[in-house]
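S.K.: Residue numbers (the numbering used here): 631 to 1422.
Cβ atoms here follow ideal geometry from the backbone N, Cα and C, with glycine treated the same way.
Quantities reported herein were computed from a predicted structural model and do not represent experimental measurements.
Below you will find the structure I want to go over with you.
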């Protein structure tokens, strides 16, 4: 059959040709649907990856997984359908495989030269009466848009799929960390590291070691004991985790993580997704591997100098740029930077940097305060009068000012609240600001010959409770002494004070007791090396014993004996006022246990330690006061330790009736009277025994004895303490309030007295509780006398 002339339509289109065209359009439809479904599948994959990164609820994740699977199945089905349509179309167009590698035909196109067209492994046959050259040209033209669509699809699918896949996992991340389930191996950018703990799955949550994760990210790890937080820190920020809580603090922002951190074999384990949330990392899981990816940004940190900036002064900017990749600085952008600030106020400066890899930092912002130039302060004060009588209180008002500093340091010369000699008194005030600028002023007041109060009268009337005033020590002896009686409460006390100087390790005291007992310790370490003191309780009976600590007070270790004696008394009496919760320890039969661990503080050479304790036991226990070098176990050392010999000067032993209540009849304060305490006459020393050798002991000074006094006071009565044996210190409980003796320092001589109490305008009852402080000297005198009349 001859082909039609050029430009002439074929005489007919066969049914086979129409069927071929239909399958071409079917293939076109399926191919287009396939491309659309692939794109939609990639978006679903991205949505699922983002949900994983955010730590969405499991229900949400399951829904996204189902949708992702459905789109993948549909895409695969459409691909199969498009392939089937393509193959059907090829068959209708005469596809065959002749078994030859190449076949060709000479094609003559009107108006063109004859060309020989080669086809690789494909050959079309001509069916007589079914096709002509024009038909083949028509088919060729109809296939062109489909061919271009196929090319576009083949290009778009990898690009879109690849982009989405990269987004879902590690979008061009500069760091990739791969963890493996139940393995300590951590692969960072291809380098293998070994973590502290393996990747652990707990309740469906993946955990890793906090310290190991921080090390891989380049964070420095520390611990805040106050807040009980583990901290991972870099120059650009910090992350704070705390045990057993989901809340995480990242760079000052509170975040709620996936689950709470917990401890595993001494390591803090943190949820991986919580770590990713705090660090801005992307996380994905595949099989037994969990992958974290993050971009490493440079730091734009900087600081300014000087620390305090004044207007008009040049400002130095100190570059603290850093790049985890070690890349040099490429670009930087500043907002608010000035080399000189002309006006005072608050300024915000922001810097952003770009390193040589092209990565930009987060903005780093610094807020500074610019001050007006500092001016020296102006010192000034005033008194309420210019002329005062002797013994008249002077009121001072500080009027000093400064431009920047609110709290000026003040130093007075010649200032007294009262003068007892006539004449001109020059008083100087010097004030200094925080930068060292100073100013001073001197003013003069005049003290007349008129006397309002003598020195002693003024002290009795106006000295604060716990403070000292001068007295004539000899005249105190002329005050009549009151006798008194006392009765003892059934109580027991053990005093461990001999030897007072420890020269070696050993057992300082050995005794046994049951019930309530008061313990007194007072010793100095002269061994030449640090030691600790322990109280070891041994149950030599057949029943489990319960040991409890009711009250405790300690002083030292300190180089000054007076300090340790004073502070142990102050703290013990304060414990009586505010009793702590009793702490109990069980001691089983045959067992030795360290009890009263409060006394086991480190005592360095030549330091003194003093303590009181009220303890109790429901069974008889053996107690040993053990002194060993720091780091040794006293229980393991017991068998080799020897009893320390007593020094013959101080006391150790057990004493009964260690609580005394002094009875003073009548009303005191109507006239000057005094009572003497600790003189071994009206207040005799306790006698007891040393259980280590059975020897009789005298509790010299009655140290460790608790005294109670109830006294009736006349209106306007002064109660004062006056030391008679030398330096004295300690404390009293006065009507339920703790009064240190004295409030500051010590009572040093007989010419000093301390105000203990003043009664008001009505009769009162005075309740006193006290101990004789270790290291103090006896006796002491308690003076009761009428207050001088107040004058105006």
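Relative to the C-alpha of residue 973, which candidate in 1382, 1002, 896 has its C-alpha closest?
M.R.: If we check each option's Cα against that of residue 973, 1002 comes out closest.
S.K.: Quick one: residues in its chain with C-beta nearer than 6 Å to the C-beta of residue 839, no 5 flanking neighbours on either side, listed in chain order?
M.R.: Excluding positions up to five away in sequence, the list reads 825, 826, 827, 897.
S.K.: Alpha carbon to alpha carbon, what distance is there between residue 1202 and residue 1243?
M.R.: Near 7 Å, if we compare the C-alpha coordinates of residue 1202 and residue 1243.
S.K.: In the segment 1058-1109, which residue ranges form an unbroken alpha helix (DSSP H) of at least 4 residues, counting only runs that do not cross its ends?
M.R.: For the segment 1058-1109, whole alpha helix (DSSP H) runs of length 4 or above, ordered along the chain, are 1085-1092, 1103-1106.
S.K.: Near residue 1408, what residues of its chain come up, given a Cβ to Cβ distance below 6 Å and the 5 sequence neighbours on each side ignored?
M.R.: 1308, 1331, 1355.
S.K.: Given that a residue counts as buried once 16 or more other Cβ atoms are within 10 Å of its Cβ, and exposed if not, what is residue 1222?
M.R.: The residue in question, residue 1222, is buried, as its Cβ has 16 or more Cβ neighbours within 10 Å.
S.K.: Would you report the Cα separation of residue 1224 and residue 1164, rounded to the nearest angstrom?
M.R.: The straight-line gap from Cα to Cα measures roughly 7 Å.
S.K.: Confirm, please, whether the CB-CB distance from residue 1327 to residue 1137 is below 8 Å.
M.R.: Cβ distance not < 8 Å, so residue 1137 and residue 1327 don't count as in contact.
S.K.: Count the C-beta pairs between the segment 1248-1256 and the segment 1141-1153 that are closer than 8 Å, then say yes if the count reaches three, no if not.
M.R.: At 8 Å Cβ cutoff, the stretches touch.
S.K.: So what does residue 1252 bridge to, in DSSP terms?
M.R.: Paired residue(s): 1142, 1168.
S.K.: Within 10 Å of its beta-carbon, does residue 884 have 16 or more other beta-carbons around it, so buried, or fewer, so exposed?
M.R.: Per the 10 Å Cβ criterion, exposed.
S.K.: When you compare the segment 982-996 with the segment 1046-1065, are there three or more beta-carbon pairs, one atom per stretch, that lie closer than 8 Å?
M.R.: At 8 Å Cβ cutoff, the stretches do not touch.
S.K.: Give every residue of the same chain whose Cβ lies closer than 6 Å to the Cβ of residue 1404, excluding the five residues on either side of it in the sequence, and list them in chain order.
M.R.: The residues are 1152, 1195, 1240, 1333.
S.K.: Can you tell which of 694, 1417, 700 has its C-alpha closest to the C-alpha of residue 1083?
M.R.: The shortest C-alpha separation from residue 1083 is found at 1417.
S.K.: Candidates 808, 1246, 1339: which alpha carbon is nearest residue 911's?
M.R.: The residue with the shortest Cα to Cα distance from residue 911 is 808.
S.K.: Identify, in the order they occur along the chain, each residue of the same chain with its Cβ nearer than 6 Å to the Cβ of residue 1411, setting aside the five sequence neighbours on each side.
M.R.: Here the set comprises 1304, 1306, 1352, 1354.
S.K.: Along the chain, where does the beta strand (DSSP E) that runs through residue 843 open and close?
M.R.: Careful: residue 843 lies outside any beta strand (DSSP E), inside the alpha helix (DSSP H) at 840-847.
S.K.: State buried or exposed for residue 1413, treating a residue as buried only when at least 16 other CB atoms are found within 10 Å of its CB.
M.R.: Classification of residue 1413: buried, given that the 10 Å Cβ count is 16 or more.
S.K.: Write down the C-beta distance between residue 1276 and residue 1282 rounded to the nearest angstrom, noting that I regard them as a contact closer than 8 Å.
M.R.: At roughly 6 Å, the Cβ-Cβ gap stays under 8 Å, so residue 1276 and residue 1282 are in contact.
S.K.: Spatial neighbours of residue 1392 within its chain, please: CB distance less than 6 Å, with the 5 preceding and 5 following residues excluded, ordered by chain position.
M.R.: Excluding positions up to five away in sequence, the list reads 1345.
S.K.: Output the distance between the C-alpha atoms of residue 1005 and residue 1368, rounded to the nearest integer angstrom.
M.R.: In a straight line, the C-alpha of residue 1005 is about 46 Å away from that of residue 1368.
S.K.: Hey, residue 1169 and residue 1234: beta-carbon distance below 8 Å or not?
M.R.: Not closer than 8 Å, so no.
S.K.: So, using beta-carbon positions, are residue 1185 and residue 1205 closer together than 8 Å?
M.R.: In this structure, residue 1205 does not lie closer than 8 Å to residue 1185 by Cβ.
S.K.: Return helix, strand or coil for residue 745, following the three-state DSSP convention.
M.R.: Unreliable placement is indicated for residue 745, whose pLDDT of 41 sits below 50; the coordinate value is still reported in the next sentence. Strand at residue 745.
S.K.: With burial defined as no fewer than 16 other Cβ atoms inside 10 Å of the residue's Cβ, what is the status of residue 1384: buried or exposed?
M.R.: Buried: at least 16 other Cβ atoms inside 10 Å.
S.K.: Roughly how many angstroms lie between the CA atoms of residue 899 and residue 905, to the nearest whole one?
M.R.: Going by the C-alpha atoms only, they are around 10 Å apart.
S.K.: As a quick exercise: from 1129, 1091, 1286, 1379, pick the residue whose alpha carbon is nearest that of residue 1390.
M.R.: Per the Cα distances, 1091.
S.K.: Tell me which residue opens and which closes the beta strand (DSSP E) that residue 1188 is part of.
M.R.: Taken as a continuous stretch (DSSP letters only), the beta strand (DSSP E) holding residue 1188 covers 1175-1188.
S.K.: Measuring alpha carbon to alpha carbon, tell me which residue in 1102, 1125, 1065, 1018 is nearest residue 1075.
M.R.: Nearest option by C-alpha distance: 1018.
S.K.: Does DSSP classify residue 927 as helix, strand or coil?
M.R.: Coil.
S.K.: Does the Cβ of residue 1261 have 16 or more other Cβ atoms within 10 Å, making it buried, or fewer, making it exposed?
M.R.: Burial call: exposed.
S.K.: In terms of residue numbering, what span does the alpha helix (DSSP H) encompassing residue 813 cover?
M.R.: Element bounds for residue 813: n/a, residue is neither H nor E.
S.K.: Between residue 1324 and residue 1179, what straight-line distance do the alpha-carbon atoms span, to the nearest angstrom?
M.R.: C-alpha separation (whole angstroms): 27 Å.
S.K.: Does DSSP put residue 1016 in a helix, a strand or coil?
M.R.: Here residue 1016 sits in coil by DSSP.
S.K.: Between the alpha carbons of residue 641 and residue 705, how many angstroms are there, rounded?
M.R.: With a pLDDT of 47 at residue 641, under the threshold of 50, the modelled position of that residue is not reliable, and the figure given next carries that caveat. One C-alpha to the other measures close to 42 Å.
S.K.: For residue 815 and residue 823, what's the separation of their Cα atoms in angstroms?
M.R.: Taking the straight line joining both Cα atoms gives about 6 Å.
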